[in-house]
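Working notes for the structure below.
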Amino acid sequence: MKSKPLIRIFTFIATTSVLVLTLSALLGACQSTETSGNPEDQTAQSEPILVFTLVPPQEPAFIFGTAWDIYAEGPVDEGSAERLEALLSKHHIPSRSNLYLNVDGGDLATALALGRLIREAGLFAYVGSQTDSIYMAGPGLCRDAGALAFLGGPFRWVLDGSEVVFSPYLMNLDPEDLADYLVEMDIHTDLVELVLEQFSQVEEVFLSRLEMEALNVVHSGYEELAWTIEQLPQGLTYLKGERNTWRGVNKILIYCAPDGTGLKVHAIFDPEGREDEIMEMLNAHSLCLDGDYIPIPSDRLVDKSEANGWINVVLIWMRPFFLVSGKLAGSA
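The sequence shown runs 908 to 1239 under our numbering.
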């Protein structure tokens, strides 16, 4: 199982932490849900439908964040994408909310529309199912249409014990539509070849963890880091590193300061709606370099500010800048 992320609180003393956890348990017990496409409403329908259950974020938001949990159970039906879109609009559900899919087959063409909606809405996709715990999701299964919808998540996880499965039913989808969708979702098209090869030997193909990683079926939170050399209209040239992550976009700019004060490092990151906390409470800073966290001395910090919802931190380059695990990471 994958534990749902909680913000790390550095400044609370032990007694406050106990109080917060106690309040959390009480709030979780009172947490409301909404279901769209209730199975009880299916008695007059000839086909089962995909049921969405919404769990709003806990309060206070500065501790628990603003992400909703959405659980999708059942097969993909023709109205699935429209119902999910209506729910997202009705509740103003933000991007980076969590969508847990336990979706066994269904309409393949609608699955593509559902996957595109998931990508447009920026929902994190998990193969998993709802449990009695507000902190843990259980294993799930995504077969054929369910697996295609899952691929729409910009970041994708398959929880322990969960399965991604394809059957020959997948071949009822137009091959060009399938190939275009995989390319659009940045999934290796070798997926189709792998599945077709195995259909001659087995009735269903259960993707292994290694296969899912190799084909980009899972995408566990970090895109490739991109380095570019750019220039402002005013003439300042800088080296920029940028990477999109499940915690938002991270940027780092390195440049020679126009005022002659030397080489500067300018970090920009998404505070996930907690800019007031970061500006007022969290005064210790560090830089994560190849998985190692290096403290930034206070005398190297030039500026910290918030602009348009982004945190900007400027510091002076050190020589040697960082010595990490016996390796020189940078020098002026």
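Even glycine gets a Cβ: it sits at the ideal position worked out from N, Cα and C.
Residue i, enclosing beta strand (DSSP E) - first and last residue
| i | result |
| --- | --- |
| T960 | V958 to V962 |
| L1048 | L1048 to R1050 |
| R1063 | R1063 to V1065 |
Bridge-paired residues (DSSP) for residue i
| i | result |
| --- | --- |
| N1009 | E980 |
| V1112 | F1073 |
| I1094 | Looking at the DSSP assignment, I1094 forms no beta bridge with any residue, so it has no partner. |
| L1117 | Answer by DSSP bridge pairing: none, since L1117 is not bridged. |
Neighbourhood of residue i by C-beta distance below 8 Å, restricted to the same chain and skipping five residues each side
| i | result |
| --- | --- |
| W975 | L961, V962, P963, P964, H998, I1000, P1001, S1004 and N1005 |
| S996 | none |
| L1098 | L1089, L1122 and V1124 |
Alpha carbon of residue i to alpha carbon of residue j, nearest angstrom
| i | j | result |
| --- | --- | --- |
| S1143 | G1022 | The amino acid at residue 1143 is misidentified as Ser; the sequence shows Leu. Those two C-alpha atoms are separated by around 41 Å. |
| W1224 | L1132 | 21 Å |
| L1024 | T1135 | 31 Å |
| Y978 | Y1007 | 5 Å |
| S1074 | T1096 | 17 Å |
| P1140 | P1165 | 14 Å |
| L1101 | E1182 | 46 Å |
| P955 | D1210 | 57 Å |
| N1219 | D1014 | 46 Å |
| N1123 | I1185 | 34 Å |
| Y1129 | Y1200 | 17 Å |
| F1106 | A1018 | 21 Å |
| C1049 | L1058 | 10 Å |
| L1208 | W1153 | 27 Å |
| L1222 | A1214 | 17 Å |
| A1028 | N1151 | 16 Å |
| N1157 | E1149 | 6 Å |
| A1054 | F969 | 34 Å |
| L1030 | S1205 | 37 Å |
| A1032 | G1060 | 5 Å |
| E985 | D1081 | 17 Å |
| G1198 | Q1108 | 42 Å |
| R1116 | L1085 | 22 Å |
| R1026 | G972 | 21 Å |
| T1168 | S1212 | 19 Å |
| F1113 | E1104 | 13 Å |
| L1170 | N1190 | 23 Å |
| A993 | I1041 | 24 Å |
Close beta carbons around residue i, own chain, < 6 Å, minus the five adjacent residues each side
| i | result |
| --- | --- |
| P1202 | S1193 |
| S1036 | N1009, G1045 and G1047 |
| M1119 | V1125 |
| E1111 | V1072 and S1074 |
| K1147 | T1135, E1137 and L1160 |
| L1089 | T1096 |
| W1217 | I1175 |
| Y1076 | D1051 |
| G1012 | P982, R1050, D1051 and A1052 |
Unbroken alpha helix (DSSP H) run spanning residue i, endpoints
| i | result |
| --- | --- |
| E1104 | D1097 to F1106 |
| F1073 | Looking at the DSSP string, F1073 is not in any alpha helix (DSSP H); the run it does join, the beta strand (DSSP E), is E1070 to F1073. |
| A1032 | That residue, A1032, is in no alpha helix (DSSP H); its beta strand (DSSP E) goes F1031 to V1034. |
| V1124 | Looking at the DSSP string, V1124 is not in any alpha helix (DSSP H), and its letter there is neither H nor E. |
| R1023 | L1015 to A1028 |
| E1091 | P1082 to E1091 |
| A1044 | Note, A1044: premise wrong, no alpha helix (DSSP H); not H, not E. |
| R1003 | Premise fails: R1003 is in no alpha helix (DSSP H) and is neither H nor E. |
| I970 | A968 to F971 |
| L1058 | Neither: L1058 is in no alpha helix (DSSP H) and is coded neither H nor E. |
| A993 | S987 to H998 |
Cβ neighbours of residue i in the same chain (closer than 7 Å, five flanking residues each side left out)
| i | result |
| --- | --- |
| Y1145 | E1137, L1160, I1161 and Y1162 |
| G1155 | F1176, D1177 and E1179 |
| H1126 | F1062 and R1063 |
| V1065 | V1034, V1071, M1119 and V1125 |
| L934 | Low per-residue confidence applies at L934: pLDDT is 41, beneath 50, and the placement is therefore not dependable, though the value from the model is reported in the following sentence. So the qualifying residues of the chain are Q965 and E966. |
| D1093 | N1123 |
| T1038 | A1044 and G1045 |
| S987 | L957, T1017 and L1021 |
| S1069 | V1034, G1035, P1046, G1047 and L1048 |
Residue i: CB within 7 Å of a non-hydrogen atom of the ligand MG
| i | result |
| --- | --- |
| N1009 | For the ligand MG, the structure offers nothing, since it holds no ligand at all. |
Any beta strand (DSSP E) of 3 or more consecutive residues that is wholly inside the stretch 1132-1218: 1133-1138, 1144-1152, 1155-1163, 1170-1176, 1193-1196, 1199-1202 and 1208-1214
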